[in-house]
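Report on the following structure.
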């Protein structure tokens, strides 16, 4: 038995088209193992470094009150320890157009390197979701984004 069941399972994923690496955090409902073959809603959090924790907290507060169903929460996090580089990678993955970003965003890559949202979404559809649905009992999907990642869905 895991003495800290609230700690997420962490998986490593890579995208070879852009040579980027990601951590995928997975939080299962407290009674997931006892639920038999019942499928669970999946909340997929982009910008997981900011959205995953608050989504887990929200699900864990609302599900016992039956405000929402028990759910699996997944966060996709750019595996980049340098914040400045994280900002650049987010912009390249989550933006929908290839235009220079306003200076106030902190994005310093040229607009020609932006606009990767459709390729990022394709990677989620073709790699991440099939992996998750092979490992966990998943029904519906809700995509959660923040700032640039809200553009992606």
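Numbering (the working numbering), first residue to last: 243 to 395.
For each residue, glycine too, the CB sits at the ideal point set by N, CA and C.
Small disclaimer: the values here were computed from a predicted structure and weren't measured.
>> For the structure I just gave you, are there three or more beta carbon pairs, one from the region 360 to 369 and one from the region 323 to 330, closer than 8 Å?
In response: Contact fails between the region 360 to 369 and the region 323 to 330, because fewer than three Cβ pairs, one in each stretch, are under 8 Å apart.
> Ends of the alpha helix (DSSP H) at residue 354?
Replying inline: Here residue 354 corresponds to residue number 112 of the chain shown, with the count starting at 1. Membership of residue 354 in any alpha helix (DSSP H) is not indicated, and neither H nor E is assigned to it by DSSP.
>> Using 8 Å for Cβ pairs, my map puts residue 364 next to residue 314. What's the rounded Cβ distance?
In response: Taking the chain shown and counting its residues from 1, the one referred to as residue 364 is at position 122. Taking the chain shown and counting its residues from 1, the one referred to as residue 314 is at position 72. Not really, about 22 Å apart at Cβ, beyond 8 Å.
> Does the distance from the CB of residue 288 to the CB of residue 387 come in under 9 Å?
Replying inline: As a working mapping, residue 288 is identified with position 46 in the chain shown. As a working mapping, residue 387 is identified with position 145 in the chain shown. Judged by their CB atoms, residue 288 and residue 387 are nearer to each other than the 9 Å cut-off.
>> Using a Cβ distance threshold of 8 Å, determine whether the region 309 to 323 contacts the region 338 to 346, with at least three qualifying pairs required.
In response: Touching, no, given that fewer than three Cβ pairs across the two stretches are closer than 8 Å.
> By Cβ distance below 6 Å, which residues in the same chain neighbour residue 298 in space, the five residues on each side in sequence not counted?
Replying inline: As a position in the chain shown, residue 298 is number 56, starting the count at 1. 269 and 315, listed in sequence order.
> By Cβ distance below 7 Å, which residues in the same chain neighbour residue 279 in space, the five residues on each side in sequence not counted?
Replying inline: Locating residue 279 in the chain shown gives position 37, counting from the first residue. Within the same chain, 379 come within 7 Å of residue 279 by CB-CB distance, once the 5 residues on both sides are set aside.
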